[in-house]
Structures are given as C-alpha cells and as structure tokens.
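> For reference, the structure I am asking about is given below.
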Amino acid sequence: MREPVWLVLHVPFSWTVNVVFEFDDNNYIQVWESYDRFAKLQICRRIQWSYHYGRVMAKDELGYATQGSPDDPLEIRIDTCGGEPHLHYRQREPHYSQDQVRGLTIKSIEAIEFIKTVLKHRSTKKTFQKLMGFKLSNGE
Ligand SMILES: [Zn+2]
C-alpha cells in the first residue's frame, strides 16, 4: 500500500483520485475516480470511475503497480469506460451492462465498498458474486 496521489485539476470543483493497493501475492487494487461540479452548483459528483482488482501486469517508473493494457487479466473491474457503469468479471470481455447483472446496482458501488469487498474476498476466498450478491446473465 502506498500514499494516494491527489491531482487537483481545477481548484476546487474538479479533481481525480488514483489509489493503488499492492499485495504481496502480486495482485493489486486500483481505484480511479474523476469528479466534477454540477453546472451552476457548488457541489460535485463522481462522473467517471474505474475500480480494478487483478494481477499486477505493469509497473510505473517508480516500480509501483499501475494500469497496464485493457486486455490484461483481471478478477473484477467496475468502470465507466465508454459511458455507462458496467462490470468486467474474470476477463475484459464481455462488458456486463446493468441489464446483464442481477442483484447488484453497479453504479451504487463506491470505492470504499469495492476495496472492502476485495479485502474480504482475499481473506475468505468467497467469490465476488457471493460477496456482492450478483448473478450474471450468462449464468455465472
Ligand atoms: Zn469497462
């Protein structure tokens, strides 16, 4: 685990968060979020995000785990690449949209909940379906 990197783009209404947890068994969690303000309002919202857990496949210049190719192996990823929040499970394809996932509202998952679920998965070996209560349209 290392310190989060806070990158403030436009003080104070727009920012991104990138947090990485590296584990001894060569897996990592990467949480990336982008926030922006509602038009004409003094409040902000999460507009894009990616919560990823899987094997470390790339390192940055300091030797820390970082995002590699989109096709790299993964255990689970919830992201907004290409628009609506969706789920990747055990591999990049397919992208499970909300109508292909039962029992879980994908966009309701926040970073802290994702991190806690991965930690629980690692300590209990329970599947993500069981921990998060979802079923996929392909029967998984
Ligand atoms: Zn995606």
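The sequence shown lines up with residues 147 to 286 when you count with the numbering used here.
The C-beta atom is built at its ideal place from N, Cα and C for all residues, glycine as well.
As the structure is a prediction and not an experimental result, all values here were calculated from the model.
1. Does the distance between the C-beta of His-232 and the nearest non-hydrogen atom of ligand 1 fall short of 7 Å?
2. For the putative contact between Val-166 and Tyr-210, defined by C-beta atoms under 8 Å, what is the C-beta separation to the nearest angstrom?
3. At a cut-off of 7 Å, would you count Asp-245 as near ligand 1, judging by its Cβ distance to the nearest heavy atom?
4. Since Ser-160 is in the beta strand (DSSP E), which residue starts that stretch and which ends it?
5. Would you check whether ligand 3 has a heavy atom nearer than 7 Å to the C-beta of Asp-217?
6. Express the C-alpha separation of Pro-240 and Pro-150 in angstroms, rounding to a whole number.
7. Can you tell me whether Pro-231 is buried or exposed? The criterion is at least 16 other CB atoms within 10 Å of its CB, across all chains shown.
8. Which value, in whole angstroms, describes the spacing of the CA atoms of Gly-279 and Leu-250?
This is what the structure holds:
1. Yes, ligand 1 has a heavy atom inside 7 Å of this Cβ.
2. So it is a contact: roughly 6 Å between Cβ atoms.
3. Distances from the CB of Asp-245 to the heavy atoms of ligand 1 are all 7 Å or more.
4. That run of the beta strand (DSSP E) goes 160 to 168.
5. You won't find ligand 3 in this model; what it holds is ligand 1.
6. So the alpha carbons of these two residues sit roughly 30 Å apart.
7. Burial state of Pro-231 is buried, judged by a 10 Å Cβ sphere holding 16 or more other Cβ atoms.
8. Going from the Cα of Gly-279 to the Cα of Leu-250 covers about 6 Å.
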